[in-house]
């Protein structure tokens, strides 16, 4: 183990992948100095249904499916003794979402957690992962989406204020399969998520959606990478963020790579940020690297703006107060993504959390 | 019985070249049940008058007064003006992404009435208002003004007029961009609101066409930031025949 450890380079903050991340707030996740927790905070919350299994498998039996050069993800692979595996059998059609719960209140040691979500060919399912508590978490979730399968993954970062959460959510999407993720980050001190996609068969489709709302002092980073390494795959990325308060800081990086053999690629990525007060900072960097011209389409857009005075005026001219008008506009801004979550209870809960963040920020 | 009194209103707008005076002393009095048409050429300040009364932040009041039943409108915030009983039907209603018409209407009605309308009667109320303006029921689930055609936007404005029941309504070029059928439907909505609530109307228009459907009691000709002539409905006929040339000094 010590040999492995020596091979993990500690990021210093000058590296492209780390240049926005406040390393001094990672509580030792990045340099391995954090004590390693023994608890496992992830559990299956929904009732067991046929075709779905959730178990822990020794890591020796389950090597990682993808490669990574991320220091913290390499620590996850080294320090986690087992892998939580959620398996959905081929041809399963699940009408109800599978609920995963992660709740932890331990800020003295760091949990290193490896997860595999494997959906068999032609199966359809939605998995909702709910994250609450105050904790230090380094997490790697790999998704294996077999041919013709359709998986929707909703991940809710509803952490309390001291949580440090660093994660990679890597989807491997095979021929004619669909992967859709909805990433919601509204709680925590530092949250750094790497939603990444690797296509392994033509006709694969990925849709990465996200919302984040950072208030005073919060740092939320979403670093997306879509690797178009096969022909005829399609990807859509749409992240929307709101920021308010001093030193609220969000980072959105959208990297899309269209390799030479990825003819017929169709990709579009979008990031929009709403700055609700002064003193907040939104970094937004879309990157598109294209090695073939034989594609259907490739584009990106990024905007960062303030409240639209005309919208507020219109609403207020109908008697709606400034606070309610702002609340409506912010809810409306996020609604495009939140409404994609099929569970209406979750929708209501998130909108209420967004309302309370808005009140807290005094925006 | 309500009275909107505009006295010597002077308004400027900030531009790259400094403040530019647009309204140069406007006097108007509108009472419940009365319909006043303000007619004038483009650029004469008609829309500035409408937005200034509603409280748009872009306009700076440099002099004069606006009162509603004696209360100082210029001291009120935009929402307070609506609560006092003023309504502006906009020429270019604003899109509000992600906010459904139904949510918007209910939030506005709740704000204006001081309590949330009872769900069952509210649903009926909205349905009747939509039917009366030939608005498709699916409209309620669409986002406010997003992707609406010009005609749909205007019908949506007048539906709000009927639902929110103001005392005095300012209609800013509600007729622009409407075909004959839509103009008739929208005008009927305004007339219903007048009959139902004894509404006072300030109708801003460029053309006399809408006055065939909404009969004005008074016509005011607006040029260069003030009222330059006043009369009865016959003044509109004169404008129809002769245009604005006499008033713009050309």
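Protein chains in written order, with our numbering: chain A, 28 to 390; chain B, 176 to 425.
Even for Gly, the Cβ is constructed at its ideal location relative to N, Cα and C.
Please report whether the beta-carbon of residue i lies at a distance below 9 Å from any beta-carbon of chain B.
i: residue 369 (chain A); result: no
i: residue 265 (chain A); result: no
i: residue 355 (chain A); result: yes
i: residue 352 (chain A); result: yes
i: residue 347 (chain A); result: yes
i: residue 419 (chain A); result: This structure cannot speak to residue 419 (chain A), because chain A is shown only from 28 to 390.
i: residue 30 (chain A); result: With a pLDDT of only 43 at residue 30 (chain A), under the threshold of 50, the placement of this residue in the model should not be trusted, and no figure is reported.
i: residue 374 (chain A); result: no
i: residue 385 (chain A); result: no
i: residue 100 (chain A); result: no
i: residue 271 (chain A); result: no
i: residue 379 (chain A); result: no
i: residue 342 (chain A); result: yes
Note down, in chain order, each residue of its chain lying with its Cβ closer than 6 Å to the Cβ of residue i, except the 5 sequence neighbours on either side.
i: residue 223 (chain A); result: 197, 252
i: residue 268 (chain A); result: 239, 277, 300
i: residue 328 (chain A); result: 297
i: residue 254 (chain A); result: 225, 284
i: residue 250 (chain A); result: 221, 280
i: residue 400 (chain B); result: 197, 198, 199, 220
Let me know if residue i comes out buried or exposed under the rule of 16 or more other beta-carbons within 10 Å of its beta-carbon.
i: residue 293 (chain B); result: exposed
i: residue 88 (chain A); result: exposed
i: residue 338 (chain A); result: buried
i: residue 165 (chain A); result: buried
i: residue 382 (chain B); result: exposed
i: residue 132 (chain A); result: exposed
i: residue 243 (chain B); result: buried
i: residue 329 (chain B); result: buried
i: residue 387 (chain A); result: exposed
i: residue 335 (chain B); result: buried
i: residue 66 (chain A); result: exposed
i: residue 221 (chain B); result: buried
i: residue 42 (chain A); result: exposed
i: residue 204 (chain B); result: exposed
i: residue 248 (chain B); result: buried
i: residue 387 (chain B); result: exposed
i: residue 289 (chain B); result: exposed
i: residue 302 (chain B); result: exposed
i: residue 230 (chain A); result: buried
i: residue 246 (chain B); result: exposed
i: residue 373 (chain A); result: buried
i: residue 77 (chain A); result: exposed
i: residue 356 (chain B); result: exposed
Under a CB-based cut-off of 9 Å, is residue i close to chain A?
i: residue 190 (chain B); result: no
i: residue 286 (chain B); result: yes
i: residue 425 (chain B); result: Reliability of the predicted coordinates at residue 425 (chain B) is poor, the pLDDT of 48 falling under 50, and no value is obtained from them.
i: residue 279 (chain B); result: yes
i: residue 282 (chain B); result: yes
i: residue 438 (chain B); result: The displayed coordinates of chain B run from 176 to 425. Any statement about residue 438 (chain B) would go beyond what the structure contains.
i: residue 335 (chain B); result: yes
i: residue 186 (chain B); result: no
i: residue 312 (chain B); result: no
i: residue 183 (chain B); result: no
i: residue 326 (chain B); result: no
Please go through the same chain and pick out, in chain order, the residues whose beta-carbon is closer than 7 Å to the beta-carbon of residue i, but skip the five residues on each side of it.
i: residue 38 (chain A); result: 45, 50, 57, 98
i: residue 431 (chain B); result: Not covered by the structure: residue 431 (chain B). The range shown for chain B is 176 to 425.
i: residue 416 (chain B); result: none
i: residue 174 (chain A); result: 148, 201, 202, 203, 204, 228
Below 8 Å CB to CB, which residues in the same chain sit around residue i once its five sequence neighbours on both sides are set aside?
i: residue 356 (chain A); result: 334, 335, 338, 339, 342
i: residue 354 (chain B); result: 326
Within 9 Å (strictly less), CB to CB, does residue i reach chain D?
i: residue 248 (chain B); result: The chain inventory of the structure shown lacks chain D, comprising the protein chains A and B.
The segment 290-316 of chain A: which residues have C-beta closer than 7 Å to a C-beta of chain B, in chain order? none
Between the segment 68-75 of chain A and the segment 106-126 of chain A, do at least 3 Cβ pairs fall closer than 8 Å? yes
Contact between the segment 311-322 of chain B and the segment 223-235 of chain B: three or more CB pairs below 8 Å? no
Interfacial residues, the segment 252-264 of chain B to chain A, with Cβ spacing under 9 Å: 252, 253, 254, 255, 256, 257, 258, 261, 262, 263
Contact set between the segment 286-307 of chain B and chain A, restricted to residues whose Cβ is under 7 Å from the partner: 286, 287
Between the segment 206-237 of chain B and chain A, which residues of the former have CB atoms less than 7 Å from a CB of the latter, in chain order? 229, 231, 232
Is the segment 288-296 of chain A touching the segment 318-329 of chain A in the sense that three or more CB pairs, one from each, lie closer than 8 Å? yes
Are the segment 391-407 of chain B and the segment 206-216 of chain B touching, with three or more C-beta to C-beta distances below 8 Å? yes
Taking any Cβ of chain B, which residues in the segment 313-339 of chain A have a Cβ under 7 Å from it, in chain order? 336, 337, 338
Inter-stretch contact at 8 Å, needing at least 3 Cβ pairs: the segment 183-201 of chain B / the segment 363-378 of chain B: no
For the 8 Å Cβ check, are there 3 or more pairs between the segment 224-233 of chain A and the segment 194-212 of chain A? yes
Against chain A, which members of the segment 331-356 of chain B pass a CB distance test of less than 8 Å? 335, 339
Short of 9 Å Cβ to Cβ, which residues in the segment 392-420 of chain B face chain A? none
According to a CB-to-CB cut-off of less than 8 Å, which residues of the segment 62-90 of chain A neighbour chain B? none
Taking any Cβ of chain B, which residues in the segment 123-152 of chain A have a Cβ under 9 Å from it, in chain order? none
Does the structure place the segment 151-167 of chain A close enough to the segment 175-183 of chain A that three or more beta carbon pairs sit under 8 Å? yes
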